[in-house]
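Note sheet for the following structure.
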Amino acid sequence: CKAVARGASCALLIGDMPFMSYQISAAEALRNAGRFLQEAGMDAVKLEGGRERLEAIRAIVGAGIPVMGHLGLTPQSVHQFGGFRAQGKTAAAAQHLFEDAMLLQEAGCFSLVLEAIPAKLASLISSRLEIPTIGIGAGAGCDGQVLVTHDLLGLFERFTPKFAKRYLDLHQQIAAALETYRLDVEGRSFPDVEHTIEMPEAEWQALLQQLEH
């Protein structure tokens, strides 16, 4: 976070609160959220969860710290879901998420991330909220979109989520570049003259003469 804050001049910087930094108590959640602003230079914080996080959200917002919520597939609770699975696919589960979204808005969240939920549900939630939604695997009906950079650039070959679009295949390009580098080194074609630092011939001869004495 500190590195991003040093390099960003006009972006809204949101610190993603780590697992167990806000679950224990509202007081600890507030303390840790404050550190994101005071020590890391963030403008706001994001935390995962619905109605079970209302006390923490209210405490943080009440202290003047903007909070972004995160509903649906919440990665920090992935073991609770039995893996990386889409959420809100039944009427009951969808209603629960819808209610959570309204509750987070009432608690003071300025925005919500909706992850891996049906597009229809995300559109419905977005249309009923007065705050913006950011979708990841939630269809085109959200107010904004986000993708993990590694998925977007194709840096990870073994697994790509269904909702991620790969705009490049950098994994293959990087692997090919490294293999070419290995072959060049083994064949001694790298480094060649253009990658070599030269020494003036007169200075080289002077060095050799000095070493002979």
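FYI, the numbering for the sequence shown is 36 to 248, going by this note's numbering. We put the beta carbon where it would ideally sit given N, CA and C, even for glycine.
For M103, the three-state secondary structure derived from DSSP is strand.
Sequence-distant partners of R120 (beyond 5 residues in either direction) whose C-beta falls short of 8 Å from its own C-beta, in its chain, are L108 and A151. Contact annotation, C144 with G99: C-beta distance approximately 14 Å; criterion of less than 8 Å not satisfied. Contact fails between the region 63-71 and the region 119-137, because fewer than three Cβ pairs, one in each stretch, are under 8 Å apart.
Short of 7 Å from the beta carbon of K124, and not among the five residues preceding or following it, lie these beta carbons of its own chain, in chain order: P153. Here I232 is exposed. Its C-beta has fewer than 16 other C-beta atoms within 10 Å. Here the region 131-144 lies against the region 157-172, with 3 or more beta-carbon pairs under 8 Å apart. In this structure, DSSP gives G42 a helical state, which the three-state scheme calls helix. In the DSSP assignment, S162 falls within the alpha helix (DSSP H) that extends over A154 to R163. Beta-bridge pairing by DSSP links L149 to L106 and G170. Note on geometry: alpha-carbon atoms of H185 and C36 lie some 18 Å from one another. When only Cα atoms are considered, E165 and Q140 end up about 8 Å apart. When secondary structure is reduced to three states using DSSP, I49 falls in the strand class. Boundaries of the beta strand (DSSP E) around V80: A79 to K81.
When C-alpha distances from A129 are compared across M77, F198 and L149, the shortest belongs to L149.
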